[in-house]
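Encoded as structure tokens, the structure appears first; notes follow it.
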Amino acid sequence: MSTQVQADKRVLLPKGLVPTNYDLSITPDMEAFTFKGTVAIALRADVAVNEIVLNAVGLEFTDVQLHQGGSVTKVASDEVKFNDVDDTATIGLSVKVGKAVLTISYSGSIKDDMRGFYRSKYTHKGKDHYIGSTQFESVDARRALPCWDEPAVKATFDVTLIVANHLIALSNMPEKSVKAVDEKTKCVVFQRSPIMSSYLLAWAIGEFDRVQAHTTNGTWVSIYTQLGETDKVLWALDVSLRVLPLFEKYFEIPYPLPKLDLIAIPEFACGAMENWGLITYRESCLFCDETTSQRTREWITETVTHEISHQWFGNLVTMEWWSQLWLNEGFASFMQVLSADWMYPEWNLWAGFYRGTIDYALALDALESSHPIEVEVSRAQESEEVFDTISYSKGGAVVGMIHHYLGADVFRKAIHKYLDHFQYSNAVTADLWKFLSQESNQDVNKIMSNFTSKQGFPVIEVSELKEEGKELVCSLKQTRFLSSGRPSPENDDVVWSIPIVINVGGEDSQSVLMDTKTMEIRLPSTKWLKFNSNATGVYRVRYSDMLFKKLVEVCRTKELEPVDRLNIVSDSSAMARAGYAPTSSVLALLSVFHNEDDQFVWSSITDALSQVSGIVQHTKYLKLFCKFSCDLLKIIHASLGWDAKENESQRTVKLRATIINALLSYDDSTATSEAQKRFNTFCETKTGISPDFRVSVFKSVIRHGGKDYYYKVRNLAAVATSPEEEVMVYSAIGATTEPDLVRETLEWSIGPNVRKQDSVYVMRSLSRNIHATEAVWKWFQTNYDLLRKEFPQASLFSSFVCVADAFCSREKADEIKDFFQTKDCLGFERYVKQSIEVVTLRALYLERDHDDILNWLNQWNQSKL
1 MSTQVQADKR VLLPKGLVPT NYDLSITPDM EAFTFKGTVA IALRADVAVN EIVLNAVGLE
61 FTDVQLHQGG SVTKVASDEV KFNDVDDTAT IGLSVKVGKA VLTISYSGSI KDDMRGFYRS
121 KYTHKGKDHY IGSTQFESVD ARRALPCWDE PAVKATFDVT LIVANHLIAL SNMPEKSVKA
181 VDEKTKCVVF QRSPIMSSYL LAWAIGEFDR VQAHTTNGTW VSIYTQLGET DKVLWALDVS
241 LRVLPLFEKY FEIPYPLPKL DLIAIPEFAC GAMENWGLIT YRESCLFCDE TTSQRTREWI
301 TETVTHEISH QWFGNLVTME WWSQLWLNEG FASFMQVLSA DWMYPEWNLW AGFYRGTIDY
361 ALALDALESS HPIEVEVSRA QESEEVFDTI SYSKGGAVVG MIHHYLGADV FRKAIHKYLD
421 HFQYSNAVTA DLWKFLSQES NQDVNKIMSN FTSKQGFPVI EVSELKEEGK ELVCSLKQTR
481 FLSSGRPSPE NDDVVWSIPI VINVGGEDSQ SVLMDTKTME IRLPSTKWLK FNSNATGVYR
541 VRYSDMLFKK LVEVCRTKEL EPVDRLNIVS DSSAMARAGY APTSSVLALL SVFHNEDDQF
601 VWSSITDALS QVSGIVQHTK YLKLFCKFSC DLLKIIHASL GWDAKENESQ RTVKLRATII
661 NALLSYDDST ATSEAQKRFN TFCETKTGIS PDFRVSVFKS VIRHGGKDYY YKVRNLAAVA
721 TSPEEEVMVY SAIGATTEPD LVRETLEWSI GPNVRKQDSV YVMRSLSRNI HATEAVWKWF
781 QTNYDLLRKE FPQASLFSSF VCVADAFCSR EKADEIKDFF QTKDCLGFER YVKQSIEVVT
841 LRALYLERDH DDILNWLNQW NQSKL
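The sequence shown begins at 1 in full-length UniProt numbering and counts up by one.
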């Protein structure tokens, strides 16, 4: 792997010159896919400099001039020195102290690589249409204009787009004027933006349809789509109209811009991008109608609220450097749930926050190849690596923990003061802790710093020592939790300050701040204790056998709240994988949940089963494990059936999907037969299969139906009426067990019928198929150079690394390591390391618990005879 720059040496542009305004004009040619640009950059020279260094990539400078003190100095374009390593252009011009204007005329290409100023295509009524749009975060504004492309270097922007008359032009700000250039072309001038970072600049050009309305506070919100698709964004529009004034009230700061546009882009590398005033989305993150699954509806809602929250936390106040990315993304990951829960409390999104945010973060952060929330980014090009689960999910979990610990009102007041103080500027983590400390009169930095600055998180081991009268004395010990097992002394040198909330037998709640390695606490004597009550803490808990036995019983009787039941399942599963407890203890725990009826608990149960399945699929007792899993699932399935009942809750809809998805994944014969029957009906009538479990039905018929059903499913992508329907096909098509179809699917996934943004769904589907993993890995190695060329963004290419992490042998881990050893992995090196570690840990887990699992399953099977 490539050697990274030392972490303590940030590669930044030289200080001394500060841009204050960019006057930018872009003229695109949407037929030749090129553009011409002119930018006049107003500069403030704090010191005299002998050269100007700014960011530029893939641009051809045609004219460079410096205006200062009434004189104009020109530089020949061939005298500009470009550095492809640091993405810079060096211009040999001296600048005196004071003000100056640097004017650059240049040209570039509008590629289809989903970065910078790029193109995407859609078809309407048999005709192809092209959209030109931007994606600048984190380091791609420099591909569209020469600029100081660093988040701390803020400026205002005046944008002009010269486009064909029939095209709509959009940017961060409203139109200022529209003038005819000639009979075919118009000049659209936009109002000056607030001072902002370059990565938040945006524009879009194309033939769009629009829906719009204004909020209760008078802000116009518009959503733009490709022609003929506005009926699919009415849900997103409603969410936007509702949440924008809610944020204004919560932050006590009005939305800073005159308008808010959302736009659906057909080809988009990430889910969405919070460009100030012009938020761009992948279509699947906006399109929603009566056929949309509940899971996707919730995802769209949270994606919309996430991006709109950024208009304050990220745009108005921006992290100083990519090392503090979590200040943007962690906060937005928390706010997306808080705000969506305001609007849809019946969805119980806080339980989902644990399952989809905290639990996911803990799983990744238990790896030795994880990283702190605040990780040093030396070069801007490395920043794509930190757009990951740690920054988003662990960041969101930490925000949620301090919100719960300090209290909602104290937290909100502190956030208002923080945003008000740093508006239109930049901040670092310590600034946030300072305002939270001032408002709460607590040392928040002491409590939270290790959760953000140190890698990993703690596990608290709890045991009862003795009873004294009406009190129970408990011993607590904290260590770093690692999926590889108990840490070595050098890996366990952090002492976290852990806010612990304890449910005392359902009758009382006790809070304690654990800031030492060990401590004793006194609690009222009771029948059971549940630590991390409501699962708001970023830690795991391991109980003594006696305490755990009592919790198993209250899980069975459902005395505990659902979020605490799922938390116990999650912690127990993690303990087994790390070797703290045998897997048989997890299987025994799961077996008491026959009468469970909560969707989120079942989601945790099926995840625990999946973790065991990930190793036993490599053994001869896979069928026995599947038998156990199906037996556990059948009781709840019998009460739910396949079809929705009148007026049932959305939580029941999701529960049914969770159970059916699991039954089909374990090849339950009755469910498999029903799936094939319903698929046949679906092919004729488009009914009979809920969108919430359609992917699993598709997978099942592909696995068991051979080539005929494979092509029936694949052909559904061509007639899909929504992005979600397409993604369902891509997510299922890799389930084939036939080698020739595996090879065909691999080639199809990067062919013209699958958008680049969607190829990863196919690859992920194949890589999770034990019948395909070896073939997929070999194909990936053979086609590595082609894939790097077709998917140049590290953030997108890193998703392909998933093809390597499904194995279960130390030999394969070594093979993966050897392959990537000679590759330039800048931007995704950590993903490679994590894949290698995951494969190694899975192999070790199987070696350690093979006999334990087999013995437990045999005993269970005997009890059923």
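The beta carbon of each residue, even a glycine, is placed where N, CA and C say it ideally should be.
query	result
Range of the contiguous beta strand (DSSP E) that encloses F190	T185 to F190
Beta-carbon spacing of K699, A732 below 8 Å	yes
Cβ pair Y224, P151 closer than 8 Å	no
For M114, the three-state DSSP class (helix, strand or coil)	coil
Residue environment, Y424, which counts as buried when at least 16 other CB atoms sit within 10 Å	exposed
Reduced DSSP category for K654 - H, G, I as helix; E, B as strand; rest coil	helix
Classification of L663 by the beta-carbon crowding that lies within 10 angstroms, buried from 16 upward	buried
Pair within 8 Å by beta-carbon distance, V39 and H67	no
Those residues which DSSP pairs with L513 across a bridge	P499
L93 at chain D interface by Cβ criterion, 8 Å	Although the question refers to chain D, the structure presented lacks it and comprises just one protein chain.
In DSSP terms, what C147 is bridged to	N55
Of the residues L260, L529 and T619, the one placed nearest I500, counting alpha carbons only	L529
Every unbroken alpha helix (DSSP H) within the segment 617-654, with a cutoff of 4 residues, ordered by chain	622-640
Burial state of D87 (16 or more Cβ within 10 Å)	buried
Opposing strand residues paired with T38 [DSSP bridges]	S25 and S105
Nearest neighbour of C808, chosen from L844, L766 and R764 [CA to CA]	L844
Per DSSP, cross-strand counterpart(s) of Q599	Paired residue(s): none; Q599 is not in a bridge.
Cβ neighbours of Y360 in the same chain (closer than 8 Å, five flanking residues each side left out)	T389 and S393
Own chain residues within Cβ distance below 8 Å of S293, not counting five before or after	A657, S690, P691, D692, R694 and E724
H129 in three-state terms, based on DSSP	strand
Cutoff 6 Å; reference T160; Cβ partners in own chain excluding five residues on either side	S25 and V189
Rounded separation between Q510 and F800 - CA only	46 Å
Contact between the segment 545-560 and the segment 823-830 (3+ Cβ pairs under 8 Å)	no
Continuous beta strand (DSSP E) stretch holding K823: start and end	Premise fails: K823 is in no beta strand (DSSP E) and is neither H nor E.
8 Å Cβ cutoff met for A644 and I660	no
Identity of the residues DSSP links to G206 by a beta bridge	I168
For I162, the residue or residues it bridges with in DSSP	C187
Close Cβ partners of R848 (< 7 Å) along its chain, the five nearest in sequence each way excluded	G579
F117 vs F35 beta-carbon contact at 8 Å	yes
First through last residue of the beta strand (DSSP E) which encompasses R282	L278 to R282
Buried/exposed call for T134, threshold 16 Cβ in 10 Å	buried
As assigned by DSSP and simplified to three states, the class of F287	coil
Inter-stretch contact (C-beta, 8 Å, three-pair minimum) for the segment 783-790 and the segment 709-717	no
Simplified DSSP assignment, three categories, for I460	strand
Between the CA atoms of E385 and A794 - distance to the nearest angstrom	8 Å
Through-space distance from Y418 to D431, alpha-carbon basis	8 Å
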